[in-house]
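Which chain is which? The protein sequence lines are A and B, in order. Residue numbering for the first sequence is 4 to 115, as defined by my numbering. Residue numbering for the second sequence is 81 to 195, as defined by my numbering. The structure appears below as structure tokens.
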Amino acid sequence: AQSVTQLGSHVSVSEGALVLLRCNYSSSVPPYLFWYVQYPNQGLQLLLKYTSAATLVKGINGFEAEFKKSETSFHLTKPSAHMSDAAEYFCSRSSNTGKLIFGQGTTLQVKP
Amino acid sequence: NAGVMQNPRHLVRRRGQEARLRCSPMKGHSHVYWYRQLPEEGLKFMVYLQKENIIDESGMPKERFSAEFPKEGPSILRIQQVVRGDSAAYFCASSPTDSSNQPQHFGDGTRLSIL
Numbered sequence: 004a005q006s007v008t009q010l011g012s013h014v015s016v017s018e019g020a021l022v023l024l025r026c027n028y029s030s031s032v033p034p035y036l037f038w039y040v041q042y043p044n045q046g047l048q049l050l051l052k053y054t055s056a057a058t059l060v061k062g063i064n065g066f067e068a069e070f071k072k073s074e075t076s077f078h079l080t081k082p083s084a085h086m087s088d089a090a091e092y093f094c095s096r097s098s099n100t101g102k103l104i105f106g107q108g109t110t111l112q113v114k115p
Numbered sequence: 081n082a083g084v085m086q087n088p089r090h091l092v093r094r095r096g097q098e099a100r101l102r103c104s105p106m107k108g109h110s111h112v113y114w115y116r117q118l119p120e121e122g123l124k125f126m127v128y129l130q131k132e133n134i135i136d137e138s139g140m141p142k143e144r145f146s147a148e149f150p151k152e153g154p155s156i157l158r159i160q161q162v163v164r165g166d167s168a169a170y171f172c173a174s175s176p177t178d179s180s181n182q183p184q185h186f187g188d189g190t191r192l193s194i195l
């Protein structure tokens with residue numbers, strides 16, 4: 004079955020530190036992958052997407068993700084965390100019908 | 081450009097009542113998806129609609145839940161005879177095509193509370 008797994012439901016980093024949020028997918032065919040961010044009481048905002056072009060994808064707010072087929076991973080990184088990055092992050096993949104399959108989400112806490 | 085508009089933002093119902101959630105997609109988008117987010121969980125797909133057609137309802141509960149996307153007007157997610165377990169945030173997303181590589185644009189959700 005198609006699925007997305009996010010390792011770590013909570014990640015805490017210090018301001019200025021590297022952010023690494025992990026995502027693995029299961030699929031026999033490389034899927035289309037997306038990272039979304041959700042701030043409290045808001046909807047999801049697209050950070051970046053992988054659609055089989057470049058394996059290193061740059062998104063908004065300084066985030067990027069690297070698609071690694073051999074590891075079936077699509078981890079999200081940012082070199083230096085800001086306080087404003089504190090939010091919940093969702094990795095997702097699309098299915099044949101276009102619906103999104105989401106991971107469980109990772110809450111990012113940024114400490115001053 | 082207005083984004084995906086959902087209303088109401090918050091809805092309170094008593095057990096047994098009906099809940100109607102509305103979603104107006106982005107201008108030019110004819111594909112609408114509904115997702116449910118339970119506390120401490122990720123989003124789960126419910127239903128995918130295109131104008132006047134239900135394309136995929138594999139995530140919809142078999143009873144009490146229905147959805148429509150009429151030719152004119154917003155998409156409606158309807159929950160009849162609500163129960164406590166229906167308390168959740170319901171998100172609508174839209175896209176211009178059904179292509180799997182198109183990102184979906186999300187509304188701010190409707191938070192449904194059942195008393």
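Positions of the beta carbon are idealized from the N, C-alpha and C atoms, including for glycine. These numbers come from a predicted model, not from an experiment.
Per DSSP, the bridge partner or partners of residue i
{"i": "A:Leu36", "result": "A:Tyr53, A:Arg96"}
{"i": "A:Lys102", "result": "Its beta-bridge partners do not exist; DSSP assigns none."}
{"i": "B:His185", "result": "B:Ser174"}
{"i": "B:Arg191", "result": "B:His90, B:Ala169"}
{"i": "A:Glu69", "result": "A:Leu59, A:His78"}
{"i": "B:Arg116", "result": "B:Lys124, B:Tyr170"}
{"i": "B:His111", "result": "B:Gln130, B:Ser175"}
Neighbour list for residue i in chain A, Cβ cutoff strictly below 7 Å
{"i": "B:Ile135", "result": "Thr100"}
{"i": "B:Gln184", "result": "Leu103"}
Run of the beta strand (DSSP E) containing residue i, from where it starts to where it stops
{"i": "A:Leu24", "result": "22–29"}
{"i": "A:Ser87", "result": "Note, A:Ser87: premise wrong, no beta strand (DSSP E); not H, not E."}
{"i": "A:Tyr42", "result": "Looking at the DSSP string, A:Tyr42 is not in any beta strand (DSSP E), and its letter there is neither H nor E."}
{"i": "B:Met126", "result": "123–130"}
{"i": "B:Ala99", "result": "99–104"}
{"i": "B:Val84", "result": "No beta strand (DSSP E) holds B:Val84; DSSP gives it neither H nor E."}
{"i": "B:Phe145", "result": "145–148"}
{"i": "B:Val162", "result": "Neither: B:Val162 is in no beta strand (DSSP E) and is coded neither H nor E."}
{"i": "A:Asn64", "result": "Note, A:Asn64: premise wrong, no beta strand (DSSP E); not H, not E."}
{"i": "A:His13", "result": "13–17"}
{"i": "A:Ser6", "result": "6–10"}
Neighbour list for residue i in chain A, Cβ cutoff strictly below 9 Å
{"i": "B:Phe125", "result": "Ser98, Lys102, Leu103, Ile104, Phe105"}
{"i": "B:Ser175", "result": "Gly101"}
With 16 other Cβ atoms within 10 Å as the buried cut-off, status of residue i
{"i": "B:Met126", "result": "buried"}
{"i": "A:Leu59", "result": "exposed"}
{"i": "A:Gly19", "result": "exposed"}
{"i": "B:Tyr128", "result": "buried"}
{"i": "A:Thr109", "result": "buried"}
{"i": "A:Ser6", "result": "exposed"}
{"i": "B:Arg95", "result": "exposed"}
{"i": "B:Ala169", "result": "buried"}
{"i": "A:Gln45", "result": "exposed"}
{"i": "A:Ala56", "result": "exposed"}
Per-residue contacts from residue i into chain A (C-beta, under 8 Å)
{"i": "B:Asn87", "result": "Those within 8 Å of B:Asn87 in chain A number zero; the least Cβ separation is about 13 Å."}
{"i": "B:Ser179", "result": "Gly101"}
Proximal chain B residues relative to residue i, where beta-carbon distance stays under 7 Å
{"i": "A:Gln45", "result": "Asp188"}
{"i": "A:Leu23", "result": "Simply none; closest approach about 19 Å."}
{"i": "A:Lys52", "result": "Pro183"}
Contact list for residue i against chain B, beta-carbon separation under 9 Å
{"i": "A:Leu49", "result": "Pro183, Gln184, His185, Phe186"}
Neighbour list for residue i in chain B, Cβ cutoff strictly below 8 Å
{"i": "A:Thr8", "result": "Those do not exist, as A:Thr8 stays about 11 Å from chain B at its closest Cβ, beyond 8 Å."}
Check your understanding: Would you call the segment 84–104 of chain A and the segment 18–36 of chain A touching, i.e. three or more CB-CB distances under 8 Å?
Key -> Judged by Cβ distances under 8 Å, the segment 84–104 of chain A makes contact with the segment 18–36 of chain A, as three or more pairs qualify.
Practice item. Check whether the segment 140–153 of chain B touches the segment 170–182 of chain B, counting contact only when three or more Cβ pairs, one atom from each stretch, lie closer than 8 Å. Key: Taking a contact to require three or more Cβ pairs closer than 8 Å, the segment 140–153 of chain B and the segment 170–182 of chain B do not qualify as touching.
Practice item. Inspect the CB distances between the segment 155–168 of chain B and the segment 109–118 of chain B and report whether three or more fall short of 8 Å. Key: Touching, per the Cβ criterion.
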